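To convert, take the position in the sequence shown, counting from 1, and add 211; that gives my numbering.
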Amino acid sequence: MFGVPIKWILWIIGVPVVLGAALTLYAVVIEPSRLVVQRYEVGAGSGEALRVALIADLHVGSPMSGLGKVRRVVSRVNAEEPDLILHLGDFLISGVLLGTFVEPEPIAEVLADLEAPLGTYAVLGNHDWWEDGPGMTAALEAVGIQVLENESVALSSGLWVVGIADDTTRDPNFDVAFEDVPEGAPSILIGHDPGAYLDFTHAARPLFMAAGHTHGGQIYLPWLFEPVVPGRAGPDWAHGLLDANGIPLIVSSGIGTSILPVRIGRPPEVVIVEVRY
């Protein structure tokens, strides 16, 4: 055809097809199957570091993120020997392509094996509330994982954990959440959606704030385009250790997937934070 050798035609057609198939395999199977540990350090105190594990967006039942993946997460977190474990919401799925819905109870039963001397606490995310927020709360609390929504809990170390309601489906209220926390007491503030922190004007200065929800955009291709981030936070708060008006903000890319079951450049992660205060 037009004097072009057939082998060159095959190359022109075949190379993009092979590359596309390889990229699809990586995005749908290989990267979503990974599990990495992301580490951060916050605080400038002189005391012994507190090790905090953050788990976000399990989305159990999304492709490559079933109960077996949750067991891997539990094993990896326990191996880090954290002092405190905090869940950042979206245990459940809704509407993910090729996903299979998993009820709250079996998820909680696997998470019951998490170990931390200061305990395990959680907030719920938008998908949890869309599907079964009361059921997810009951299942977690039945295995000893306290769910916080605009409320706080004092730990034996003198640290407070404060949980804020989901920004999409609920009513975040920082004044109510901090009302029992003594002035000047060290605290960690957790929520599902970093968009809630856009409205944080409370006098309290948490050691750090944490959120999930964004999945880091699920696809991160630097210099090509900004990550697509749900909610109000925007791409600047998509992932990592960030600054939110002088307060450290940690946004995790989470474990599972939402809507499209793909990840590129944002592998599933658990986060370990070393905090000095």
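Every residue gets a Cβ at the ideal spot worked out from N, C-alpha and C, and that includes glycine. Please read these numbers as outputs of a predicted model, since none were measured by experiment.
When the beta-carbon positions are compared, Asp-301 and Gly-336 come within less than 8 Å of each other. Look at Trp-434 here: in three-state DSSP terms it is coil, with no helix or strand label.
Within a 10 Å sphere around the beta-carbon of Ala-255 sit fewer than 16 other beta-carbons, which makes this residue exposed. For the options His-298, Glu-291, Ile-356, the alpha carbon positioned closest to that of His-424 is the one of His-298.
Straight across, the Cα-Cα distance linking Thr-348 with Leu-370 is about 23 Å. Your pair Gly-442 and Asp-404 checks out as a contact, with CB atoms roughly 5 Å apart and the cut at 8 Å. When Cβ pairs closer than 8 Å are counted between the two stretches, the region 234-252 is seen to touch the region 277-289, the count reaching three or more. Around the beta carbon of Glu-480, a 10 Å sphere encloses 16 or more other beta carbons of the protein chains shown; the residue is thus reported as buried.
The continuous beta strand (DSSP E) containing Thr-331 extends over residues 331-333. Straight-line spacing of the CA atoms in Asp-447 and Pro-216 works out to 49 Å.
Looking only at Tyr-488, Val-486, Arg-487, Val-482, the smallest Cα-Cα distance to Arg-287 is reached by Val-482. Contact between Ala-415 and Phe-389 holds: CB atoms are separated by about 5 Å, below the 8 Å threshold.
If the five residues before and after His-450 are omitted, its C-beta is found closer than 8 Å to the C-beta atoms of Thr-425, Gly-427, Gly-428, Tyr-431, Pro-438, Val-462, Ser-463, Ser-464, Arg-477, all from its own chain and listed in chain order. Under the 10 Å beta carbon count, Thr-311 is surrounded by fewer than 16 other beta carbons and is classified as exposed. Classified as exposed, Asp-410 has fewer than 16 neighbouring CB atoms from the shown chains inside 10 Å of its CB. With a threshold of 16 other beta carbon atoms within 10 Å, Asn-456 falls short and is exposed.
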